[in-house]
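One structure below.
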Amino acid sequence: MSILRFDELVELARSFQVSRTLLTAIELDIFSAVGRGATAPEVAARLNTDCRATEMLLNALVALGALRKREGTFRNTAATARYLAEGSPDNQRLALMHAVSLWDAWSELTDCVRLGRPRNLQGRRRSREQTEAFIAAMHSNAASRAPALVRAVGAAKVRRMLDVGGGSGAYSIAFAQANPALEAVVFDRAEVLPIAEQHIRAAGLGERIRTQQGDLRKDDLGEGYDLVLLSAICHMLSPQENQDLLRRSFRALEPGGRVVIRDFILSADKTRPQRGALFSLNMLVNTEG
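Numbering (this note's numbering), first residue to last: -2 to 286.
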C-alpha cells in the first residue's frame, strides 16, 4: 500500500511515540502495578517513579487503548491483564522485553546504513536478562508457529530430531508431542540451554528431549538423525556459513533424512512481506551479516 498524503507520512514518522510509550510501560511493569485497579499516585508509589510523569504515561496508555480510566482509577484491559500483568499464566512481558532491548540498536540504524554494519557490535554483549528476554520472545513466536510446522513436515516417521540453535526447544517439544516415539536434541549455546531445559521439563518431556552445548557455526552436529531443523538460523549467517552449516547438517542425517529450513522468505524484489523487509533491517543493526 502506497503512502499518498503528507499527513500519512507524518503519522508514520511519529509512530515511534506509540511504540516507545508501550515499551516504557512494559519496562517499568506498569500493568502489574495497575493490577486490579490503581490511581496514578498508587502506581508511582509501587514503582518508585515520579507521580506526575507516571500519570502522563498512564493517560497515554489509556489513549492507546492499553488501559481504561474511570474517576481517576486506572485498570487493565482484558489483553494487558492477560499478557502483561504479573500473576497471569499467559504473561508475555518477558518476551516483549526483547523489543525493549532492541530499541537502542535500532536507534543506530542511520549509522548502520552509512557503514554497512553496526559500529560497535562487540560492545553490545547480551546480559543474562537480555538473553532470557530474547529466548522468551523466540519461544512465544515458535510456540505459535510450531503446530503448523509439524503438520507441514510430518512427525510420524521421525525417530531422532536435531534442533539446531533450538533456543527454548519449542519446536522439539511440538514434534515430540506429535510423535510419542520421537527423541530430540536441542543444540545451542551454554547460556541458552538452562532455559530450554525449563521448558522441556514443564512439558514433561525430559526423558525424550535432551540438550547439547555447541556452536552452530563450527561444531560437529553428530549423526543418526532423521530430521535436522534449522529454524530462524539461516538469516543470521553469511552465504558461506550457510553452506558450511548445510554440509554439516547433511552429514548428521541418516539415509533418507531431511534438513528442514524455516525462516523469513522475501519476494524476489525483496520488498514483501513488510515484516520480512523490516526484519532485514533488524539483522543489519544487530549482526555483522
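Cβ coordinates follow ideal geometry from the N, Cα and C atoms, glycine included.
The alpha helix (DSSP H) enclosing residue i, as first and last residue numbers
i: Thr46; result: That residue, Thr46, is in no alpha helix (DSSP H); it is neither H nor E in DSSP.
i: Leu226; result: Unbroken run through Leu226 is the beta strand (DSSP E), Tyr222 to Ser228; no alpha helix (DSSP H).
i: Glu8; result: Phe3 to Ala10
i: Leu281; result: Gln271 to Asn283
i: Ala265; result: Where Ala265 is concerned, there is no enclosing alpha helix (DSSP H), given that its DSSP letter is neither H nor E.
i: Ser169; result: Ala167 to Ala175
i: Ile27; result: Ile27 to Val31
Limits of the beta strand (DSSP E) - the one that residue i falls within
i: Gln250; result: Checking the sequence, you will find Leu at residue 250 rather than Gln. Looking at the DSSP string, the run of the beta strand (DSSP E) that includes Leu250 is Leu250 to Arg259.
i: Ile197; result: Note, Ile197: premise wrong, no beta strand (DSSP E); alpha helix (DSSP H) at Leu190 to Ala199.
Sheet register partners of residue i (DSSP bridge)
i: Glu180; result: Arg157
i: Gln209; result: Phe184
i: Thr36; result: Thr70
Selection from the options that minimises the alpha carbon distance to residue i
i: Val100; options: Thr18, Arg111 and Ala167; result: For clarity, residue 100 is Trp in the given sequence; the question names Val instead. Answer by Cα proximity: Thr18.
i: Leu159; options: Gln195, Ile206, Phe131 and Leu118; result: Ile206
i: Met(-2); options: Met280, Gln271 and Leu281; result: Gln271
i: Arg148; options: Arg156, Ala134, Ala181 and Phe172; result: Phe172
i: Asp241; options: His136, Gln210, Glu285 and Asp217; result: Asp217
i: Ile23; options: Asp260, His95, Arg245 and Arg259; result: His95
i: Phe247; options: Gly219, Arg259, Ile27 and Phe13; result: Gly219
i: Val150; options: Pro86, Ile258 and Arg49; result: Ile258
i: Asp260; options: Ala249, Met280, Asp266 and Leu250; result: Met280
i: Leu54; options: Asn45, Leu263, Thr21 and Leu81; result: Thr21
i: Leu25; options: Phe184, Glu8 and Glu83; result: Glu83
i: Val15; options: Ala60, Glu5 and Thr36; result: Ala60
Minimum Cβ-Cβ distance from residue i to chain C less than 8 Å
i: Arg259; result: The structure shown contains no chain C, having only a single protein chain.
The ligand GTP heavy atom lying under 7 Å from the CB of residue i
i: Leu243; result: You won't find the ligand GTP in this model; it holds no ligand whatsoever.
Meets three-Cβ-pair contact criterion under 8 Å: the region 248 to 256 and the region 208 to 228: Output reads yes: the region 208 to 228 touches the region 248 to 256.
Any alpha helix (DSSP H) of 4 or more consecutive residues that is wholly inside the region 122 to 160: Correct list: 125 to 150.
At least 3 beta-carbon pairs within less than 8 Å: the region 89 to 96 vs the region 59 to 75: Segments in contact, no.
Validate contact between the region 236 to 243 and the region 177 to 184 using beta carbons, cut 8 Å, 3 pairs: Because the criterion of three Cβ pairs below 8 Å is not met, the region 236 to 243 and the region 177 to 184 do not touch.
Unbroken stretches of the beta strand (DSSP E), 3 residues or longer, contained in the region 53 to 116: Taken in chain order, the complete beta strand (DSSP E) segments of 3 residues or longer contained in the region 53 to 116 are 64 to 67 and 70 to 73.
Segment contact, 8 Å Cβ cut-off, at least three pairs: the region 130 to 148 with the region 104 to 122: With the cut-off at 8 Å, the region 130 to 148 and the region 104 to 122 do not touch.
Cβ contact (3+ pairs, closer than 8 Å) linking the region 128 to 143 and the region 157 to 168: Touching, yes, given that three or more Cβ pairs across the two stretches are closer than 8 Å.
At least three beta-carbon pairs within less than 8 Å, the region 29 to 36 to the region 70 to 85: Contact check between the region 29 to 36 and the region 70 to 85: three or more CB pairs, one atom from each, fall below 8 Å, which counts as touching.
Contact the region 180 to 199 vs the region 122 to 132: 3+ CB pairs below 8 Å: Enough Cβ pairs lie closer than 8 Å, so yes.
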